[in-house]
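Residues are numbered in our numbering as their position in the sequence shown, beginning at 1, plus a constant of 2.
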Amino acid sequence: MSTKKLVPVILAAGKGTRMVSEMPKVLHPLADKPMLTYALDLAEQITDEPPVVVLGFEAEKVQKVLDDRVRVVFQSQQLGTGHALNQASEILMGQSELILVWAADMPLLSVELLEKIVDCQRNNNGPMSIVTAQSDNHRGFGKIVRSDEQKVQAIVEQIDATEDQLSITEINVGVYCFASDWLWKQLNVLKPSASGEYYLTDLVECSYNQSKTIGVITVTDNNEIIGINNRVHLAEAENSIRSQTNNYWMEKGVTLQDPENTYISPDVKLGKDTIVLPNTHLTGNTKVGDRCVIGPNTTISDTIIGDDCKVKYSVIEMSVLENEVDVGPFGHLRAGSHLSRGVHIGNFGEVKNSHLGRDVKMGHFSYIGDATVGERTNIGAGSITCNFGMDKQKHRTVIGDDVFIGSDTMLVAPLKIGSRAKTGAGSVVTKDVPKDSLAVGVPARVIVNSIKKGKDGEQ
Ligand code: UD1
Ligand code: CA
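What follows is the structure, given as structure tokens:
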């Protein structure tokens, strides 16, 4: 096989009119990532050569999702796919023997398919290879016209097709591999179609007319050729990715009670014997350990969860839960929450930017923000850290081990509560409470060492 140099070119200049959107089509999110990133990931897997991306509509916005390796060329007017590819000729002419081209609106293409067409063209004496599929669903695909000898003769776009051609079930997937010398020459002399667009697909007819061989690869799994021209197609692609991801996790030993209503983003990792209940969204860099029960109706993003945890009807963002943590129903853990082993957050508990030590219990209606809470401390119902001061600054609360925060305590930060201290129900604590002491009232009186000495009637 030849070792000719190969450069991928990704077409992404179109507006995507059929999306009816202010946003360029290739930036629409698909399973959490902009559509264009799928093409870039494929390019990276197929060759070390950096890809060339053709941008046009809202190019500055699209450029933000590209890394420095990617080379960009601009198509200032969207005059068709042939015209788009021709914009890359200036930087690629004489630079590469093979050009692999596909559209950024085909995010589900597999690397195996791209490898196949490249191999096909490496072994082809003719100037180009194409990928076809069988489908009676038009979806805007070009139709493959074959000659009497069954040779590929032309590609006819749906809008230009005759009645007879519309019944053709062999379609153009839109992935091509070209011998570059021939390609750049032909693109320069390409004629516009009836609609005034320069069709890349017309190169098939050029090649046929020159009696050159066109390589053909046929796709068997039509899921990978879901092209996205409108939002119905976008939802189809989303569904297809979702079922692929969910099947993968079920094969790895995760139970999904209702896979069609379970949303697991591609970068999420799940442990064995974990159960994910319906209407649960796991996104970003989330990692869940073994034997957890997550959901129903739960959203978790960018969070690390240990083994044997339970989270139900809750929202968790950018947090860490060690083993045996139990959250919900209706808990909200915001960025920077770290819950140590055995922590329990019950109904309507909210935690932000705080470290909760082992076995902290916070059963009902509490808010802990910008705080450190020691081991085995109990946060009574309705208690909160008043972390946002009248000076409009955030202040910290530090609570020791084995502390008992009575129901409805207001902890006015900055504040320190020593180990084994207690606060009375409804107290408003504005001053530090030493260890083994009791704070009661509004504002709270502190009775130093009262607990150790047994003055509050205990110990
Ligand atoms: C194209 C093919 C069709 C094929 C289908 C497969 C042509 C003429 N038709 O149709 O045969 O079955 O893809 O998906 O090629 N683009 C530009 N600049 C332009 C026009 C388009 O960069 O001036 C880009 C778009 O951003 C898009 C890609 O080219 O990523 C394809 O364009 P699109 O308009 O979606 O072509 P289809 O109608 O799908
Ligand atoms: Ca398309």
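Think of the CB as a built atom: it goes at the ideal place given N, C-alpha and C, for glycine as much as any other residue.
Values in this document were obtained by computation on a predicted structure and should not be read as measured data.
Discussion item. Taking only three categories from DSSP, how would you classify L111?
Written reply: coil
Practice prompt. With hydrogens ignored, establish whether the beta-carbon of D162 is closer than 6 angstroms to any heavy atom of ligand 2.
Written response: no
Discussion item. Just to confirm before moving on: does the CB-CB distance between T300 and T285 stay below 7 angstroms?
Written reply: no
Discussion item. With H, G and I counted as helix, E and B as strand and the rest as coil, what does DSSP make of T83?
Written reply: helix
Discussion item. Suppose the cutoff is 8 angstroms on Cβ atoms and the five residues either side in sequence are ignored; what does the same chain contact list for K271 look like?
Written reply: T288, K289, V290
Worksheet entry | Under the three-state DSSP convention, the category N127 falls into | coil
Item to complete: Can you have a look at K6 and say buried or exposed, based on whether 16 or more other CB atoms are within 10 angstroms of its CB?
Response: exposed
Discussion item. Please report the distance separating the alpha-carbon of N224 from that of G176.
Written reply: 13 angstroms
Discussion item. Applying the 10 Å Cβ sphere with the 16-neighbour rule, what's the burial state of I161?
Written reply: exposed
Discussion item. In this structure, how does DSSP classify E324 when only helix, strand and coil are distinguished?
Written reply: coil
Worksheet item: Between P31, F367, T379, which lies nearest to H469 when the distance is taken from Cα to Cα?
Response: Because the chain is modelled from 3 through 461, residue 469 falls outside the range shown and cannot be assessed.
Practice prompt. With DSSP collapsed to three states, give me the class of C122.
Written response: helix
Worksheet item: Going by DSSP, which residues form a beta bridge with I312?
Response: The identity of residue 312 in the sequence shown is Lys, whereas the question assumes Ile. Beta-bridge pairing links K312 to V295, D328.
Fill in: Cβ-based burial, N174 [other Cβ within 10 Å; buried from 16]
buried
Practice prompt. Assign Q152 to one of three DSSP states: helix, strand, or coil.
Written response: coil
Discussion item. At the level of alpha carbons, what is the spacing between H346 and S409?
Written reply: 16 angstroms
Worksheet item: Do you know whose CA, among A423, V28, D310, lies nearest R343's CA?
Response: D310
Worksheet item: For ligand 1, any of its heavy atoms closer than 6 angstroms to the Cβ of D166?
Response: no
Worksheet item: Taking the DSSP output, what are the residues bridged to Q136?
Response: E172
Discussion item. At a cut-off of 6 angstroms, would you count N174 as near ligand 1, judging by its Cβ distance to the nearest heavy atom?
Written reply: yes
Discussion item. Which residue marks the beginning of the alpha helix (DSSP H) containing A33, and which one marks its end?
Written reply: From DSSP, A33 is part of no alpha helix (DSSP H); its letter is neither H nor E.
Worksheet item: Can you give, in chain order, each stretch of the beta strand (DSSP E) that sits fully within the segment 345-381 and has at least 3 residues?
Response: 346-349, 352-354, 363-366, 369-371, 373-375
Practice prompt. State the start and end residues of the unbroken alpha helix (DSSP H) segment that holds V435.
Written response: Counting along the chain, V435 falls outside any alpha helix (DSSP H), and DSSP gives it neither H nor E.
Practice prompt. Report the residue from L417, I407, V414, P416 whose alpha carbon sits nearest the alpha carbon of L440.
Written response: I407
Worksheet item: Cα separation between K424 and K433?
Response: 13 angstroms
Item to complete: Might you give, ordered along the chain, the residues of its own chain that have their beta carbon closer than 6 angstroms to the beta carbon of V400, omitting 5 neighbours on each side?
Response: T374, K418
Discussion item. Contact defined as beta carbons within less than 8 angstroms: I believe E319 pairs with S303. What is the distance between those atoms, to the nearest angstrom?
Written reply: 5 angstroms
Worksheet entry | Neighbour-count burial assignment, N139, 16 or more Cβ in a 10 Å radius | exposed
Worksheet item: Can you name the start and end residues of the alpha helix (DSSP H) that R244 belongs to?
Response: 233-253
Worksheet item: Excluding sequence positions up to five away, which residues of its chain have a Cβ less than 8 angstroms from the Cβ of G428?
Response: G408, S409, D410, T411, V444
Discussion item. Distance check for L68 and A181, CA to CA, integer angstroms please.
Written reply: 27 angstroms
Worksheet item: Does the distance from the CB of L185 to the CB of I101 come in under 7 angstroms?
Response: yes
Item to complete: Less than 8 angstroms between the CB atoms is what I'm expecting for A1 and A41, so what's the real figure, rounded?
Response: With the chain covering 3 to 461 only, the question about residue 1 has no answer from this structure.
Worksheet item: Looking at the structure shown, is R20 part of a helix, part of a strand, or coil, going by DSSP?
Response: helix
Worksheet entry | Backbone CA spacing between N248 and V56 [nearest angstrom] | 33 angstroms
Fill in: Counted within 10 angstroms of its Cβ, other Cβ atoms place R71 as buried (16 or more) or exposed
exposed
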